[in-house]
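A.B. asks: The numbering of the sequence shown is the working numbering, which starts it at 37 and goes up by one. Cβ coordinates follow ideal geometry from the N, Cα and C atoms, glycine included. In this text, all values refer to a predicted model and were calculated from it rather than measured experimentally. Dumping the structure here so I can ask a few things about it.
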Amino acid sequence: MTEQSNEKPVIETRKGKSVWLTLNRPHIKNAMNGEMIAMLVEAFQRLGNDPDTRAIVLAANGDAFCSGADLSYMMQMAQQAASNKTSGITLTSLFRGIAECPKPVVARVHGLCLAGATGLVSASDIIVASNNVKFSLPEVKRGLIPATISPYVVQAMGVQAARRYFITGETFTAEKAYELGMVHELTTLDTLDAKLESILAELDSCAPDAMAACKKLVRDVSRMDITADETHADVAARLAEVRGSAEAAEGMMAFMEKRKPKWVG
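Below, the structure is given as structure tokens:
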């Protein structure tokens, strides 16, 4: 297991075929500043193209997952029009980078998950949360709006729930997030890592290229008109392309021979 300096705002740790990106500003509840955001953007882009990485885990040190963007950083960016606009684009790049990363992204959530942190979670593919998590979108209480995270949070919790929680900024529980579909697995804090490891084991058994294709499939199909002929032609073409791949040949042959497939990567 290799690890970067513990003083950095993001610690990158390789565990087998998975890479953990751990938010590391626990003294301010892992609030995101410019350096943390830049490190995350770079890491997701690099790891997304790394053949030795099967999955990425987004986790955090301390008693909170993340309290959103560092308000001192936000205020500093607001002082200059160019920096204000650039920082918004960088944040958008972060959430989009998670959502469009070819590797599965699993969020390990505990403690507080506020504001922009809900964007980190909603852009991820699989969310495992402890039952002590408190979620909130408190931007309106600061005179702000959850703009950059909205495409992902609205999709994760649904339009009606977004109306309420965007406008009120009220806190809601992990159980409510699970009920809304924002969270896939709800556990106690003591069993959080065991549940996470079981999910990583499932991902390890899956074909890397097929998982990447599935991520793109879900993203694209969610925007398609299911009644359109073009949609049906598109998905049929995708199946044909994947079915003719070396990865599919290995997977189907392994199934027929009753053995585990030997995936590359």
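Contact check, L59 vs V164 under 8 Å by CB: the rounded distance?
C.D. replies: On the sequence shown, position 23 is the one that residue 59 refers to. On the sequence shown, position 128 is the one that residue 164 refers to. About 16 Å; that fails the 8 Å criterion.
A.B. asks: Between G280 and A273, what straight-line distance do the alpha-carbon atoms span, to the nearest angstrom?
C.D. replies: Numbered from its first residue, the sequence shown carries residue 280 at position 244. Numbered from its first residue, the sequence shown carries residue 273 at position 237. Whole-angstrom Cα-Cα distance: 11 Å.
A.B. asks: Once you ignore the five residues that flank P187 on each side, which residues in its own chain have a CB closer than 8 Å to its CB?
C.D. replies: What you label residue 187 is simply residue 151 of the sequence shown in a count that begins at 1. These residues qualify, in order along the chain: F131.
A.B. asks: Starting from T267, trace the alpha helix (DSSP H) both ways and give me its first and last residue.
C.D. replies: Here residue 267 corresponds to residue number 231 of the sequence shown, with the count starting at 1. Note, T267: alpha helix (DSSP H), 265-279.
A.B. asks: State the start and end residues of the unbroken alpha helix (DSSP H) segment that holds E71.
C.D. replies: Residue numbering aside, residue 71 sits at position 35 when the sequence shown is read from its first letter. That run of the alpha helix (DSSP H) goes 70-84.
A.B. asks: Within the same chain, show all residues whose beta-carbon is closer than 6 Å to that of S41, passing over the 5 residues directly before and after it, in chain order.
C.D. replies: On the sequence shown, position 5 is the one that residue 41 refers to. Its pLDDT being 45, under 50, S41 is placed unreliably in this model, and the value from its coordinates should be taken loosely. Once the five neighbours on either side are set aside, S41 has no close Cβ partner at all.
A.B. asks: What would DSSP say about R144, mapped onto helix, strand or coil?
C.D. replies: Here residue 144 refers to the residue found at position 108 when the sequence shown is read from its first residue. Looking at R144 - three-state DSSP - the assignment turns out to be strand.
A.B. asks: By how many angstroms is the C-alpha of V142 removed from the C-alpha of M288?
C.D. replies: The residue you call residue 288 lines up with position 252 of the sequence shown. The residue you call residue 142 lines up with position 106 of the sequence shown. Going from the Cα of M288 to the Cα of V142 covers about 27 Å.
A.B. asks: Take E39 and list the residues in its own chain whose beta-carbon comes closer than 8 Å to its own, dropping the five residues that flank it on each side.
C.D. replies: As a working mapping, residue 39 is identified with position 3 in the sequence shown. Note that E39 scores a pLDDT of 41, beneath 50, so its modelled location is shaky and nothing firm can be said.
A.B. asks: Measuring straight from C-alpha to C-alpha, what distance separates A197 and L216?
C.D. replies: Position 161 of the sequence shown holds residue 197. Position 180 of the sequence shown holds residue 216. So the two alpha carbons sit approximately 8 Å from each other.
A.B. asks: Starting from the C-beta of A177, find all residues in its chain whose C-beta is less than 7 Å away, skip the five residues before and the five after it, and write them out in chain order.
C.D. replies: The residue labelled residue 177 in the question sits at position 141 within the sequence shown. For clarity, residue 177 is Lys in the given sequence; the question names Ala instead. So the list reads G205, once near-sequence residues are dropped.
A.B. asks: Could you check where the beta strand (DSSP E) with T207 kicks off and where it finishes?
C.D. replies: Sequence index remark: in the sequence shown, residue 207 carries index 171 (1-based). From DSSP, the beta strand (DSSP E) with T207 extends over 207-209.
A.B. asks: Which one of T207, V77, Q191 has the shortest CA to CA distance from G254?
C.D. replies: Against the sequence shown, residue 254 aligns to sequence position 218. The sequence shown places Val at residue 254, not Gly. Minimum Cα distance to V254 is reached at Q191.
A.B. asks: Cβ-heavy atom distance between I235 and the ligand COA below 7 Å?
C.D. replies: Inclusion of the ligand COA in the displayed structure is not the case, the ligand content being empty and no account of it being possible.
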